[in-house]
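2 protein chains.
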Amino acid sequence: MKTATKALVVFSGGQDSTTCLAQALADFDSVETVTFDYGQRHVIELEQARILAQISGATEHHQIDMQWLGRLTENSLTRPDIPITHTNGQLPSTFVDGRNLFFLSVAAVLAKQRGIQVIYTGVCETDFSGYPDCRDSFIQSLTQTLKLAIEYPYEIRTPLMWLTKAETVQLMAQLGKLDWYAETHTCYEGLRPACGKCPACTLRLKGFADAGIPDPLPYL
Amino acid sequence: MKTATKALVVFSGGQDSTTCLAQALADFDSVETVTFDYGQRHVIELEQARILAQISGATEHHQIDMQWLGRLTENSLTRPDIPITHTNGQLPSTFVDGRNLFFLSVAAVLAKQRGIQVIYTGVCETDFSGYPDCRDSFIQSLTQTLKLAIEYPYEIRTPLMWLTKAETVQLMAQLGKLDWYAETHTCYEGLRPACGKCPACTLRLKGFADAGIPDPLPYL
Chain A
1 MKTATKALVV FSGGQDSTTC LAQALADFDS VETVTFDYGQ RHVIELEQAR
51 ILAQISGATE HHQIDMQWLG RLTENSLTRP DIPITHTNGQ LPSTFVDGRN
101 LFFLSVAAVL AKQRGIQVIY TGVCETDFSG YPDCRDSFIQ SLTQTLKLAI
151 EYPYEIRTPL MWLTKAETVQ LMAQLGKLDW YAETHTCYEG LRPACGKCPA
201 CTLRLKGFAD AGIPDPLPYL
Chain B
221 MKTATKALVV FSGGQDSTTC LAQALADFDS VETVTFDYGQ RHVIELEQAR
271 ILAQISGATE HHQIDMQWLG RLTENSLTRP DIPITHTNGQ LPSTFVDGRN
321 LFFLSVAAVL AKQRGIQVIY TGVCETDFSG YPDCRDSFIQ SLTQTLKLAI
371 EYPYEIRTPL MWLTKAETVQ LMAQLGKLDW YAETHTCYEG LRPACGKCPA
421 CTLRLKGFAD AGIPDPLPYL
């Protein structure tokens, strides 16, 4: 059932946050999106986020300059000179220390300015990425910290927290917005059509295969 | 008793954080300082912080560009067009939503990069400023959030949390560093010698008077 209040979606233009956006629009009458420009490897993410915000009917789309975050930390997601590696048991080299801490804290300041209390984020414990700032325990702790820091009644909703990639695809099918996935960006190589071979594309394609639903995204 | 490990002091060049710096140097062999350039009304703060870091014998002084924080929020401390007002019962107009949340989170990322676990900050519940992100409950919650976000064993020390301004001055006398106060910046008007009349100067002078210790800072 929709409520008359508003929600803000932390929105990367990727598959997970686009599913969150669909869920938020099912839950709220008015939904705004916020995308962070933190020196991503691929500017295409920002462009797809803008396109998807428009397609979805989000009331307002915010893009916030967070280039300082890329300068603060050293990692391969923001520094083209560091190769992307995936290791077992260790954090992948794409990890930005406390990235979701900063994204959600900035989103919280924006939300208060916009009179919004509910923030959606697509973080997920079940994708085995090993990012500590994607865990439910972190989100619960951060919610409390934000309430104390800003004295504002925040609620952070994480509809994907316990879903597999396949279940996320199935959720999107239930929400009737599978076609939005054609505009989402996943490929670590920054290609569109996507490469279909990098770890991100491989994980994405496995999710669709497991869900028994075809991926509307064009691949090379 | 000093430990062989290192500490990081969140350092504004004001009276409180200079007292924290003296305490940290009494507790640790090696202490680094970090100052945030967030579009302060008075650049003199940054300069005095640099001078004090040098005088104190801090191992390293970091200045981090946080101009984005000033752009994110609207308040009189960073916007010369908004007059400074002090009201009873409401937050003063100098409040930046979540300022200490962002300062301490950035300090935490820096601390980890420098191999430091202990962070000092001069926040204080007893100065009646009404800032929610100066309270002990916030610091406790943030410590937990940072540990979860970054998976690093942070400790945040707040030696001034329960001290009055007079007790802070007395602490500095015990630490034998009262002369450092001559270089600290307090005045809201940005004057050096200080105006002695603005709310910040008045509060400072009352603290010295209550402590029965003369303020070494030159006044107009």
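Chains A and B, in that order, give the protein sequences. One point on numbering: in the working numbering, the residue at position 155 of the first sequence is 155, and numbering is uninterrupted. Counting from 1 along the second sequence, just add 220 to a position and that's the residue number in the working numbering. Cβ atoms here follow ideal geometry from the backbone N, Cα and C, with glycine treated the same way.
- Task: Throw me the rounded Cβ distance for the residue 226 (chain B) and residue 370 (chain B) pair, which I believe falls under 8 Å.
- Result: Reading the second sequence from its first residue, position 6 is the one you call residue 226 (chain B). Reading the second sequence from its first residue, position 150 is the one you call residue 370 (chain B). Wrong, their Cβ atoms sit about 17 Å apart, outside the cutoff.
- Message: Does any residue of chain B have a CB that is nearer than 8 Å to the CB of residue 76 (chain A)?
- Response: As a first step, residue 76 (chain A) is located in the first sequence; it is residue number 76 there, counting from the start. Reliability fails at residue 76 (chain A), whose pLDDT of 41 lies under 50, so the model's placement of it is uncertain and the value that follows must be treated cautiously. Taking Cβ atoms only, chain B never reaches closer than 8 Å to residue 76 (chain A), which makes this a no.
- Message: Can you tell me whether residue 104 (chain A) is buried or exposed? The criterion is at least 16 other CB atoms within 10 Å of its CB, across all chains shown.
- Response: For the purposes of this step, residue 104 (chain A) is taken as residue 104 along the first sequence, with counting starting at 1. Residue 104 (chain A) comes out buried.
- Query: Which stretch, first to last residue, makes up the beta strand (DSSP E) that contains residue 280 (chain B)?
  - Reply: Taking the first residue of the second sequence as 1, we reach residue 280 (chain B) at position 60. 280–285 is the span of the beta strand (DSSP E), which, as asked, contains residue 280 (chain B).
- Whose Cβ in chain A lies nearer than 7 Å to the Cβ of residue 322 (chain B)? Translated into positions along the second sequence, residue 322 (chain B) becomes position 102. Correct list: 105.
- Query: How many angstroms separate the CA atom of residue 338 (chain B) from the CA atom of residue 70 (chain A)?
  - Reply: In the second sequence, residue 338 (chain B) corresponds to position 118, counting from 1. In the first sequence, residue 70 (chain A) corresponds to position 70, counting from 1. Whole-angstrom Cα-Cα distance: 24 Å.
- Tell me, which residues are paired with residue 250 (chain B) by DSSP? By 1-based counting over the second sequence, the position of residue 250 (chain B) is 30. Bridge partners of residue 250 (chain B): B:226.
- Query: Which value, in whole angstroms, describes the spacing of the CA atoms of residue 113 (chain A) and residue 327 (chain B)?
  - Reply: Indexing the first sequence from 1 puts residue 113 (chain A) at position 113. Indexing the second sequence from 1 puts residue 327 (chain B) at position 107. Rounded to the nearest angstrom, the two C-alpha atoms are 25 Å apart.
- Message: Please report the distance separating the alpha-carbon of residue 170 (chain A) from that of residue 364 (chain B).
- Response: Within the first sequence, residue 170 (chain A) is the residue found at index 170, counting from 1. Within the second sequence, residue 364 (chain B) is the residue found at index 144, counting from 1. Taking the straight line from one Cα to the other gives about 34 Å.
- Query: Ordered along the chain, which non-local residues of its own chain (more than five positions away) have a Cβ less than 6 Å from that of residue 215 (chain A)?
  - Reply: Taking the first sequence and counting its residues from 1, one reaches residue 215 (chain A) at position 215. 208, listed in sequence order.
- Task: Count the C-beta pairs between the segment 390–407 of chain B and the segment 183–198 of chain A that are closer than 8 Å, then say yes if the count reaches three, no if not.
- Result: no
- Task: Just the C-alpha distance for residue 343 (chain B) and residue 100 (chain A), rounded to the nearest angstrom, thanks.
- Result: Locating residue 343 (chain B) in the second sequence gives position 123, counting from the first residue. Locating residue 100 (chain A) in the first sequence gives position 100, counting from the first residue. Approximately 25 Å, taken between the alpha carbons.
- Message: Between residue 357 (chain B) and chain A, is any beta-carbon pair separated by less than 8 Å?
- Response: For the purposes of this step, residue 357 (chain B) is taken as the residue at position 137 of the second sequence. So, interface residue.
- Please look up how many angstroms separate the CB atoms of residue 272 (chain B) and residue 252 (chain B), rounded, as I've assumed it's under 8 Å. Position 52 of the second sequence, counting from 1, holds the residue named residue 272 (chain B). Position 32 of the second sequence, counting from 1, holds the residue named residue 252 (chain B). That pair is no contact at about 13 Å.
- Relative to chain B, which residues along the segment 2–23 of chain A have a C-beta separation below 8 Å, given in chain order? none
- Message: Please return the same chain residues whose Cβ sits closer than 7 Å to the Cβ of residue 413 (chain B), not counting the five positions on each side in sequence.
- Response: The residue labelled residue 413 (chain B) in the question sits at position 193 within the second sequence. For residue 413 (chain B), where only same-chain residues beyond five positions count, the Cβ hits under 7 Å are 438, 439, 440.
- Message: Residues of chain B with CB closer than 8 Å to the CB of residue 151 (chain A), please, in chain order.
- Response: The sequence position of residue 151 (chain A) within the first sequence is 151, counting from 1. What residue 151 (chain A) touches in chain B: 352.
- Apply the 10 Å Cβ neighbour rule to residue 373 (chain B) and answer buried if 16 or more other Cβ atoms are within range, or exposed otherwise. As a first step, residue 373 (chain B) must be located in the second sequence, where it is residue number 153. That one is exposed.
- Cα-Cα separation between residue 305 (chain B) and residue 175 (chain A), rounded to whole angstroms: Taking the second sequence and counting its residues from 1, one reaches residue 305 (chain B) at position 85. Taking the first sequence and counting its residues from 1, one reaches residue 175 (chain A) at position 175. Because residue 305 (chain B) carries a pLDDT of 45, less than 50, the predicted location of this residue cannot be relied on, and the following value inherits that uncertainty. Approximately 49 Å, taken between the alpha carbons.
- chain A contact for residue 268 (chain B) (CB, 8 Å cutoff): By 1-based counting over the second sequence, the position of residue 268 (chain B) is 48. No - not a single Cβ of chain A is within 8 Å of the one on residue 268 (chain B).
- Query: Since residue 50 (chain A) and residue 61 (chain A) are thought to touch, with beta carbons under 8 Å apart, how far apart are those beta carbons, to the nearest angstrom?
  - Reply: Residue 50 (chain A) sits at position 50 when you count from the first residue of the first sequence. Residue 61 (chain A) sits at position 61 when you count from the first residue of the first sequence. The beta-carbon separation of residue 50 (chain A) and residue 61 (chain A), rounded to 6 Å, stays under the 8 Å limit for a contact.
- Task: Please determine, among A:201, A:200, A:167, A:197, the residue with the shortest C-alpha to C-alpha distance to residue 212 (chain A).
- Result: Locating residue 212 (chain A) in the first sequence gives position 212, where the first residue counts as 1. For residue 212 (chain A), the nearest C-alpha among the options comes from A:167.
- Quick one: Cα of residue 76 (chain A) to Cα of residue 58 (chain A), how far? Here the question's residue 76 (chain A) lines up with position 76 in the first sequence. Here the question's residue 58 (chain A) lines up with position 58 in the first sequence. Low per-residue confidence applies at residue 76 (chain A): pLDDT is 41, beneath 50, and the placement is therefore not dependable, though the value from the model is reported in the following sentence. Those two C-alpha atoms are separated by around 31 Å.
- Item | Opposing strand residues paired with residue 157 (chain A) [DSSP bridges] | Mapped onto the first sequence, residue 157 (chain A) falls at position 157. Per DSSP, A:120.
- Does DSSP put residue 181 (chain A) in a helix, in a strand, or in coil? In the first sequence, counting from the first residue as 1, residue 181 (chain A) sits at position 181. In this structure, residue 181 (chain A) counts as helix in the three-state DSSP scheme.
- For residue 215 (chain A), name the three-state secondary structure that DSSP assigns. Translated into the one-based positions of the first sequence, residue 215 (chain A) becomes position 215. Three-state DSSP puts residue 215 (chain A) in coil, outside helix and strand.
- Query: Should residue 250 (chain B) be flagged as near chain A, meaning a C-beta pair shorter than 8 Å?
  - Reply: The count along the second sequence starts at 1 and reaches residue 250 (chain B) at position 30. Residue 250 (chain B) does not count as touching chain A.
- Query: Is residue 186 (chain A) helix, strand or coil by DSSP?
  - Reply: Counting from one through the first sequence, the residue named residue 186 (chain A) turns up at place 186. Here residue 186 (chain A) sits in coil by DSSP.
- Item | residue 225 (chain A) versus B:239, B:330, B:267, B:264, residue with shortest Cα-Cα distance | Chain A is shown only over 1 to 220; residue 225 (chain A) falls outside these bounds and no answer can be derived.
- Would you check if the distance between the CB atom of residue 137 (chain A) and the CB atom of residue 245 (chain B) is smaller than 8 Å? As a first step, residue 137 (chain A) is located in the first sequence; it is residue number 137 there, counting from the start. As a first step, residue 245 (chain B) is located in the second sequence; it is residue number 25 there, counting from the start. It is not a contact, given that the beta carbons lie outside the stated cut-off.
- residue 331 (chain B) CB to nearest chain A CB: under 8 Å? The sequence position of residue 331 (chain B) within the second sequence is 111, counting from 1. No - not a single Cβ of chain A is within 8 Å of the one on residue 331 (chain B).
- Item | Proximity winner among A:165, A:172, A:183, relative to residue 202 (chain A) (alpha-carbon distances) | Residue 202 (chain A) sits at position 202 when you count from the first residue of the first sequence. If we check each option's Cα against that of residue 202 (chain A), A:165 comes out closest.
- Query: So, does the CB of residue 286 (chain B) fall closer than 8 Å to a CB anywhere in chain A?
  - Reply: Numbered from its first residue, the second sequence carries residue 286 (chain B) at position 66. Yes, residue 286 (chain B) lies at the interface with chain A (some Cβ there is under 8 Å from its Cβ).
- Task: Please report the residue range of the alpha helix (DSSP H) in which residue 325 (chain B) lies.
- Result: Taking the second sequence and counting its residues from 1, the one referred to as residue 325 (chain B) is at position 105. Start and end: 319–333.
- Going by other Cβ atoms of all chains shown within 10 Å of its Cβ, with 16 needed for buried, is residue 236 (chain B) buried or exposed? Taking the first residue of the second sequence as position 1, residue 236 (chain B) is located at position 16. Per the 10 Å Cβ criterion, buried.
- Out of B:418, B:362, B:354, which has the shortest C-alpha to C-alpha gap to residue 380 (chain B)? Against the second sequence, residue 380 (chain B) aligns to sequence position 160. The shortest C-alpha separation from residue 380 (chain B) is found at B:354.
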